[in-house]
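Residue numbers (the working numbering), protein chains in the order written: chain L, 1 to 467; chain F, 1 to 72.
The structure appears below as structure tokens.
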Amino acid sequence: MNTSTMVTALVENFKANGRIVIVGASLAGLRAAEGLRNEGFSGPLTIIGDEPHEPYDRPPLSKQVLKGWVPADHTKLPRLRAVDAEWRLGVAATGLDRTSKQVRLANGDQVPFDRLLIATGTRARPWFNPAEAALDGVFTLRTCDDAARLQAALAAGPRRVLIIGAGFIGSEIASVCRELDLAVTVAERAEAPLIGALGGVIGTIAAEMQRDHGVDLRTGVSVEALEGDAGGHVRRARLSDGSTLDVDVVLASLGSIRNTEWLEGAGLASGFWGVACDAGCRAFDINGVVTDSIFVAGDIARAPHVLYEYQFLSLEHWDNAVFGAEVAAHNMVSLEPDRRPHLPLPAFWSGQFGVNIKGVGVGPFGDEIVFTQGSVKERRFAAVYGRRGRIVAAVTFNHGKWLEYYGAMIERSAPFPPPPAGFDQPADMQPVPAQFPDPRAPTALPDVVLTGHDPTERGAEFRSRRR
Amino acid sequence: MRIVVDLNRCQGYAQCVPLAPDVLKLHGEEALMYDPNPDDSQRQRVLRAAASCPVQAILVERLDDTEEGATS
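Below, the structure written as structure tokens:
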């Protein structure tokens with residue numbers, strides 16, 4: 001038997017008898033399981049999830065669910081094929097032992113694996129004061145249980161809703177509140193909504209949209225304290241400008257925290273920005289050495305990206321979970337020459353105030369912006385971001401059909417500013433500063449972040465927690 | 001039944017909307033809103049809507065029975 005025959009036999013044997021464990025039972029975990037079976041993996045497959053629910057879709061939670069149209073438990077994801085897995089739902093993974101190749105569960109069980117996929121994603125960043133966060137009427141939104149509770153609170157007709165943080169989630173919920181004809185205040189520490197992801201030029205337009213729809217938008221302020229009544233229900237908020245608000249519902253939309261705690265001590269390059277992996281989804285260890293048996297997908301993955309100077313990119317986007325899971329699944333059952341890269345062009349959408357906001361690329365990587373099509377006044381336009389004469393991102397408001405055109409430009413690093421599109425040109429096509437905030441400023445973190453070049457990057461993310 | 005719409009891919013053509021108006025709606029000019037788990041009585045309408053999508057953004061459950069993981 002020659003070497004290549006032996007290697008082929010090894011792969012076939014693994015596909016038939018290997019044990020694969022997926023930690024994380026949401027979009028990335030489900031699509032990876034389906035991908036593994038599509039790849040011909042027929043060995044035992046275990047899927048571990050801390051939520052008791054089978055995989056469901058999260059984007060509808062802040063939109064059609066809060067609006068009251070779709071019940072919170074009605075966003076279950078369609079199954080694209082049978083996965084024949086052992087589901088361990090409602091029990092969190094609490095540890096990883098790479099030497100014995102076992103995942104430890106909260107109930108004490110140990111689950112052995114030959115290959116592991118880490119897809120534990122993120123959770124909502126809670127309000128910083130635990131006593132205030134525990135008041136009735138104070139919410140975050142990440143899970144379907146969160147959405148059910150918040151939807152009920154909104155349906156009860158609160159006097160006023162306070163939304164802390166004007167990223168995408170906060171802005172979408174403000175939009176729903178206005179559709180429900182609820183009085184809503186949005187408090188944002190930065191100068192405009194969506195500024196972390198889209199910059200101040202677009203943020204100014206987002207601010208106008210909010211105010212036109214009757215949102216009491218307050219920028220450049222922070223919420224300093226929440227006060228409850230005798231029954232423990234939130235009733236008042238104190239702001240940094242000295243004002244107070246009478247509120248019955250408070251939603252803290254302060255971005256997310258990556259679920260990496262269970263990996264402490266495992267010796268992987270995990271931390272604030274997630275788990276570092278190569279473009280083929282293989283996890284790096286703490287020394288920056290790539291592992292052979294541990295893979296990463298979804299919101300928690302952080303991988304170098306060719307389009308962005310090989311900086312490690314963290315992406316909390318829906319299709320990053322889908323495509324990352326597919327690539328991870330393929331690479332988990334393939335050897336070197338057949339492995340594929342996951343090099344997504346980041347893409348997102350957000351519906352708010354009747355406008356479909358879509359984007360591609362990494363806006364904060366750019367420093368200039370130019371409007372290329374449409375009309376800002378009509379809130380129907382396309383704009384592109386540039387850096388050093390190259391296009392790095394694009395955003396559209398109700399102009400999504402053109403996004404592919406700009407996406408193709410980003411993929412080939414086309415010149416910035418681009419030549420006029422030849423259709424629907426705005427009057428002013430002069431590039432201006434995009435006005436991204438200092439990344440160190442405390443504001444809602446954008447959901448796509450360049451996190452540097454080093455897989456362990458001691459500066460921000462490689463930090464062992466207090467024990 | 002279960003569906004999910006890839007809203008990155010969706011271009012807001014809205015071909016699907018008149019075919020399954022109780023499940024797929026346009027919110028504003030081009031943002032699609034939909035019921036991810038519509039009643040089974042909508043199945044034929046939803047399948048037609050999914051087939052009509054010019055960019056094939058509507059994914060429909062491919063299993064008749066979802067016993068797996070359905071512990072909740």
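In this text, a Cβ means the ideal position worked out from N, Cα and C, and glycines have one as well.
Query	Result
Cut-off 7 Å between Cβ atoms - residues of its own chain near T143/L, not counting five sequence neighbours on either side	E51
Contact with chain F by V448/L, beta-carbon distance below 9 Å	no
Cβ-based contacts, 9 Å cut-off: residues of the segment 69-83 of chain L near chain F	W69, V70, P71, D73, H74, T75, K76, L77, P78, R79, L80, R81, A82 and V83
Euclidean distance between Cα positions of T475/L and D39/F	An answer regarding residue 475/L cannot be provided, because it is not within the stretch 1 to 467 covered by chain L.
Any C-beta of chain F under 9 Å from that of P426/L	no
Helix, strand or coil at E336/L according to DSSP, with G and I counted as helix	helix
Assigned secondary structure, G40/L (DSSP; H/G/I helix, E/B strand, else coil)	coil
Any 3 or more C-beta pairs closer than 8 Å across the segment 92-99 of chain L and the segment 1-9 of chain L	no
Cα-Cα separation between R388/L and F416/L, rounded to whole angstroms	8 Å
Alpha-carbon spacing of V289/L relative to P337/L, whole angstroms	19 Å
Test: D319/L CB closer than 9 Å to a CB of chain F	yes
Check whether G29/L and H330/L have beta carbons under 9 Å apart	no
Cα-Cα separation between A57/F and R9/F, rounded to whole angstroms	6 Å
Where R48/F meets chain L, residues with beta-carbon distance less than 8 Å	Result: empty, since nearest Cβ-Cβ is about 17 Å, beyond 8 Å.
Sheet register partners of P433/L (DSSP bridge)	E368/L
Neighbour list for N129/L in chain F, Cβ cutoff strictly below 8 Å	Going along chain F, no residue has its Cβ under 8 Å from N129/L, so there is no contact; the nearest lies around 32 Å.
Cα-Cα separation between L245/L and G199/L, rounded to whole angstroms	28 Å
Secondary structure of T260/L, DSSP reduced to three states	coil
Contact list for A347/L against chain A, beta-carbon separation under 7 Å	No chain A is part of this structure, whose protein chains are labelled L and F.
Collapsed DSSP secondary structure at D216/L in the structure displayed	strand
DSSP three-state assignment for I205/L, whether helix, strand or coil	helix
Neighbouring residues, chain F, relative to V355/L (Cβ below 9 Å)	G28, E29, E30 and A31
V333/L beta carbon less than 9 Å from that of G366/L	no
C-beta atoms of I118/L and A303/L nearer than 9 Å	no
Beta-carbon spacing of S253/L, T260/L below 9 Å	no
Per-residue DSSP class, three states only, for N331/L	helix
Segments of 3+ residues assigned as beta strand (DSSP E) that fall wholly inside the segment 111-174 of chain L	115-118, 122-124 and 161-164
Proximal residues of chain L, C-beta to C-beta of D35/F below 8 Å	Q64, W69, V70 and H74
Nearest to K67/L (by Cα), restricted to the options A131/L, V176/L and P59/L	V176/L
Residue burial classification, E309/L (beta-carbon count within 10 angstroms, cutoff 16)	exposed
Residues within the segment 386-409 of chain L neighbouring chain F, beta-carbon criterion of under 9 Å	N398, H399, G400, K401, L403 and E404
Whole-angstrom distance between R178/L and A148/L, CA atom to CA atom	19 Å
G18/L versus F113/L - alpha carbon distance	8 Å
Cβ of C53/F within 9 Å of any chain L Cβ	no
Spatial neighbours of Q373/L in its chain, beta-carbon cut-off 8 Å, leaving aside the 5 residues before and after	F381, A382, H399, W402, A421, F423, D424, Q425 and P426
Residues near V118/F in its chain [Cβ-Cβ closer than 7 Å; skip 5 each side]	Residue 118/F falls outside the range modelled here, since chain F spans only 1 to 72, and no answer is possible.
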